[in-house]
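Residue 1 is where the sequence shown starts when you use the UniProt record's numbering, and the numbers rise one by one after that. Yeah, the Cβ is synthetic: ideal placement off N, Cα and C, and Gly gets one too. Keep in mind it's a predicted model, so treat the numbers as computed, not measured. These notes are about the structure you will find just below.
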Amino acid sequence: MKILVLAGDGVGPEVTGQAVRVLQWFAQNRNLDLRLTERDFGMTNWQKHGTLMPDETWEQIQAADAILFGATGSLDQAAVIPPEERRKGSLLRMRKGLDVFANMRPVKMQPALAEGSPYKPRVTEGVDLIFVRELTAGMYFGTPRGVETLPDGTRRGVNTHTYTEAEIRRAVRFAFELARSRRNHVTSVDKANVMEAGALWREIAGAIHKEEFPDVGFEHMLADNCAIQLARNPTRFDVLVTDNLFGDLLSDAAGAIIGSLGMLPSASLSAPDAQGRRRALYEPIHGSAPDIAGKGIANPLGSILSVAMMLRWSANRPEDAALLEKAVEGALAKGARTADIASPGEAVVSTSGMGDAVIAALENA
Ligand code: NAI
Ligand code: MG
């Protein structure tokens with residue numbers, strides 16, 4: 001498997017380094033066919049080469065079986081980098097270029113952390129849900145967009161929220177198929193009451209349920225209510241499917257209820273091609289975390305669990321994926337805690353210390 005590693009900025013290289021160690025463990029111990037290429041990306045690349053993403057990296061992105069991405073962005077980026085270059089070297093361009101419309105974000109409570117959760121264990125215990133966030137359309141891509149100047153000199157920022165029937169259909173179908181491999185329930189989230197694209201979303205999701213997946217449990221939910229339900233009663237959810245913007249916000253919030261943003265993985269997939277291959281991008285859901293970058297304290301589990309998703313979805317090795325997920329659970333059960341998930345007074349390990357703990361758990365599995 002040809003994997004392109006784009007560790008990016010901030011904590012990106014720190015957490016991705018541990019994920020790569022795990023991949024190498026699978027190559028050495030479980031015969032994973034691994035061909036790794038690593039490239040700079042984002043500000044890191046800008047500082048070295050004066051571009052966020054060189055053309056040859058773009059070609060490698062096209063050629064890879066899977067991409068392992070870290071994070072990109074730094075607070076001063078907007079100030080230094082010209083808008084055209086920002087567009088060319090953006091994560092949005094990569095997602096769109098690969099057409100990875102199905103962004104899966106699982107949120108699962110780790111049993112070992114249930115007690116230390118700042119929320120009542122009663123609420124977070126047993127949470128096991130997954131978002132399917134539509135990733136290549138909607139608010140982040142609609143045109144027109146930009147900052148325009150009105151005749152009276154007022155500047156106005158413009159984004160446009162659009163969804164075609166086809167864009168909605170493929171995301172919703174993906175969610176229903178995923179639900180059949182889980183607990184067989186889909187919640188479709190929109191704001192059909194105030195948004196045109198939301199009303200179309202609701203109509204199409206309802207029709208797909210009725211016509212193609214009547215065996216799967218189904219409900220519509222308004223996005224604001226969904227935010228409340230996630231905080232109050234997250235165990236009620238199995239698969240949630242929603243648009244790009246709501247998916248971004250709600251999945252981050254859902255991540256927070258189980259502990260730390262640093263533990264959440266994601267996988268973004270395209271439709272299968274004629275050979276059944278999907279383009280695939282794997283990344284932790286957090287950003288470059290400038291507040292903790294360079295200190296060796298970031299939690300690498302989001303990136304490591306993204307490798308588990310890669311083993312499942314790109315390498316077709318579900319047993320290895322499960323093995324890795326168990327190893328993460330095992331490392332936590334043995335007490336490995338980075339600072340973000342430690343309770344007061346608990347001993348803390350570094351980023352690489354958490355990598356060590358996961359690899360030790362793999363060795364002992
Ligand atoms: P962030 O996700 O980088 O950080 C939010 C909070 O979570 C911070 O307090 C951070 O310390 C903590 N955190 C994040 N990852 C962690 C980890 N692995 N271990 C422990 N704690 C962790 O979001 P923020 O601060 O809003 O954005 C920082 C930069 O990242 C911005 O430039 C933003 O544009 C970019 N960003 C990039 C993303 C990507 O590359 N996919 C996604 C989100 C933000
Ligand atoms: Mg986000």
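Assignment of residue 296 by DSSP, reduced to helix, strand and coil, places it in the coil class. The alpha carbon of residue 53 has as its nearest neighbour, out of 319, 15, 7, the alpha carbon of 7. Secondary structure of residue 8 (DSSP, three-state): strand. In this structure, residue 244 has its CB at a distance of at least 7 Å from all heavy atoms of the ligand NAI.
Here DSSP, grouped into helix, strand and coil, assigns residue 252 to helix.
Distance from the CA of residue 5 to the CA of residue 39, rounded to the nearest whole angstrom, comes to 6 Å.
Checking the DSSP bridge columns, you'll see residue 190 partnered with 222. Comparing alpha carbon positions, the residue from 31, 169, 131 closest to residue 264 is 131. In this structure, residue 71 and residue 9 form a Cβ contact; the two beta carbons are roughly 6 Å apart against a cut-off of 8 Å.
As DSSP reads the structure, residue 33 sits in no beta bridge. Between residue 270 and residue 100, the beta carbon gap of about 5 Å places them in contact (Cβ cut-off 8 Å). Looking at the DSSP output, residue 239 bridges to 130, 186. Listed by position in the chain, the residues whose beta carbon lies within less than 5 Å of some heavy atom of the ligand NAI are 71, 72, 73, 261, 262, 286, 287, 288, 289, 291, 292, 298, 299, 340. Here DSSP, grouped into helix, strand and coil, assigns residue 354 to helix.
Sequence-distant Cβ neighbours of residue 89 in its own chain, meaning closer than 6 Å and more than five residues away, are 52, 53. Under the DSSP definition of a beta bridge, residue 108 partners with 128. By the CB criterion at 8 Å, residue 240 and residue 129 fall inside the cutoff.
Within the same chain, Cβ atoms closer than 8 Å to the Cβ of residue 233 are found at 123, the five residues on either side in sequence being excluded. Here DSSP, grouped into helix, strand and coil, assigns residue 163 to coil. With fewer than 16 other Cβ atoms from the protein chains shown falling within 10 Å of its own Cβ, residue 28 counts as exposed.
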